[in-house]
Amino acid sequence: MVSSKRSVLHNSGSLCSVVSAVSAAGKGVITKPGERVTLGCGSRRSFKSLAWYHGSDLILSVNGKSGTNRKGTAKIQPRSKVKQGSDLEISGVKKEDAGNFICTLDGDSHTITLLVVSVSTSPPDELQLGREGTLQCEVAGLPPDSIVQWTRPDGRSDSGTVHFNPLTLADKGQWVCGFSYDGDTYNEIFDIKIKGKTLCFYQVTTNCNVTQKNLWQEHVEVLQTDVHQTSNAPYQLSITLVSTQMCYILSSIFL
2 MVSSKRSVLH NSGSLCSVVS AVSAAGKGVI TKPGERVTLG CGSRRSFKSL
52 AWYHGSDLIL SVNGKSGTNR KGTAKIQPRS KVKQGSDLEI SGVKKEDAGN
102 FICTLDGDSH TITLLVVSVS TSPPDELQLG REGTLQCEVA GLPPDSIVQW
152 TRPDGRSDSG TVHFNPLTLA DKGQWVCGFS YDGDTYNEIF DIKIKGKTLC
202 FYQVTTNCNV TQKNLWQEHV EVLQTDVHQT SNAPYQLSIT LVSTQMCYIL
252 SSIFL
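Start counting the sequence shown at 2; every next residue gets the next number (the working numbering).
Following this line, the structure appears as structure tokens:
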């Protein structure tokens, strides 16, 4: 697994799982849609007044003396609550929750940036070998000039949106979506797994004669086959597929 300075999020296929993230006051924090996140506002558990804002919209305020709460008009308010003194907990994170949160504690203000990372595939839930598809990594809350890019399994870099036309065996493996914020680098890991049978279709031309043979590769394992002389193609050829890459090199079409 590739590690980052602050956080590594991991996807298996297109399904993701990540523990809730916790920030310190004045720091950025990353999370994913649907997760729970806690934003910190200092270490004081005793205070006179506390207020949380999403941008300029009040989420809630707390009177430390009386313990009474006042709800704001921010859209995020129904999914927010104060816990552990002054921290703000947000449940069911959405992409539109990204951005700056301001905590005012006894007159002192702290700004925290929430980054919401979304990895999606098209078609959703599944990328199929031999079919067209798209892999996308989006980070809501980053400055407009920020760069989000994928690193392919072979180490090559690509943009935050990758189009497969079609998806091949060479695309199998660990993809890493990387971006930077406030001097730190973050990585999101996504695994493209290819299972089942793969049909490798190839053709060989000799003396202007063409023959075609379909090869089934069980669970992407090593396959050996022999192509012998036939009545319509006067030649003999022996091929050993020593790796899945060889199948990819020989193939002109994946079905």
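For each residue, glycine too, the CB sits at the ideal point set by N, CA and C.
Residue from the options whose Cα sits closest to the Cα of residue i
{"i": "residue 65", "options": "55, 51, 73", "result": "51"}
{"i": "residue 31", "options": "191, 98, 173", "result": "98"}
{"i": "residue 89", "options": "37, 124, 95, 121", "result": "37"}
{"i": "residue 159", "options": "144, 176, 110", "result": "176"}
{"i": "residue 187", "options": "172, 193, 195, 151", "result": "151"}
{"i": "residue 59", "options": "95, 104, 193", "result": "104"}
{"i": "residue 185", "options": "143, 174, 195", "result": "143"}
{"i": "residue 84", "options": "77, 111, 46, 76", "result": "46"}
{"i": "residue 174", "options": "195, 189, 157, 180", "result": "195"}
Chain-order list of residues whose beta-carbon lies under 7 Å from that of residue i (same chain, five-residue window excluded)
{"i": "residue 49", "result": "65, 66, 107"}
{"i": "residue 71", "result": "61, 62"}
DSSP-derived helix/strand/coil call for residue i
{"i": "residue 141", "result": "strand"}
{"i": "residue 171", "result": "helix"}
{"i": "residue 84", "result": "strand"}
{"i": "residue 97", "result": "helix"}
{"i": "residue 78", "result": "helix"}
{"i": "residue 190", "result": "strand"}
{"i": "residue 71", "result": "strand"}
{"i": "residue 129", "result": "coil"}
{"i": "residue 117", "result": "strand"}
{"i": "residue 48", "result": "coil"}
{"i": "residue 31", "result": "strand"}
{"i": "residue 109", "result": "strand"}
{"i": "residue 146", "result": "coil"}
{"i": "residue 64", "result": "strand"}
Euclidean distance between Cα positions of residue i and residue j
{"i": "residue 87", "j": "residue 43", "result": "7 Å"}
{"i": "residue 149", "j": "residue 140", "result": "8 Å"}
{"i": "residue 146", "j": "residue 162", "result": "16 Å"}
{"i": "residue 79", "j": "residue 92", "result": "9 Å"}
{"i": "residue 82", "j": "residue 54", "result": "12 Å"}
{"i": "residue 153", "j": "residue 56", "result": "36 Å"}
{"i": "residue 191", "j": "residue 138", "result": "10 Å"}
{"i": "residue 109", "j": "residue 101", "result": "16 Å"}
{"i": "residue 39", "j": "residue 113", "result": "11 Å"}
{"i": "residue 125", "j": "residue 68", "result": "46 Å"}
{"i": "residue 193", "j": "residue 172", "result": "7 Å"}
{"i": "residue 121", "j": "residue 179", "result": "15 Å"}
{"i": "residue 127", "j": "residue 76", "result": "32 Å"}
{"i": "residue 189", "j": "residue 94", "result": "17 Å"}
Residues of its chain near residue i, where Cβ-Cβ distance is below 6 Å and the 5 sequence neighbours each way are ignored
{"i": "residue 197", "result": "Its pLDDT being 46, under 50, residue 197 is placed unreliably by the model, and the measurement read from it follows with that caveat. Contacts found: none."}
{"i": "residue 135", "result": "123, 164"}
{"i": "residue 208", "result": "Reliability of the predicted coordinates at residue 208 is poor, the pLDDT of 36 falling under 50, and the value obtained from them is presented with this limitation in mind. Cβ within range, chain order: n/a, list empty."}
{"i": "residue 73", "result": "59, 60, 61"}
{"i": "residue 183", "result": "29"}
heavy atom of the ligand PLP below 8 Å from residue i C-beta
{"i": "residue 143", "result": "Among the components modelled here there is no ligand, and therefore nothing to report on the ligand PLP."}
Own chain, CB closer than 8 Å to residue i, minus 5 neighbours either side, in chain order
{"i": "residue 96", "result": "34, 117, 119, 139, 141"}
{"i": "residue 181", "result": "147, 148, 187"}
Legend entry - the region 108-128 contacting the region 32-43, beta-carbon criterion three pairs below 8 Å: yes
Legend entry - Given 8 Å, three or more beta-carbon pairs between the region 125-141 and the region 158-178: yes
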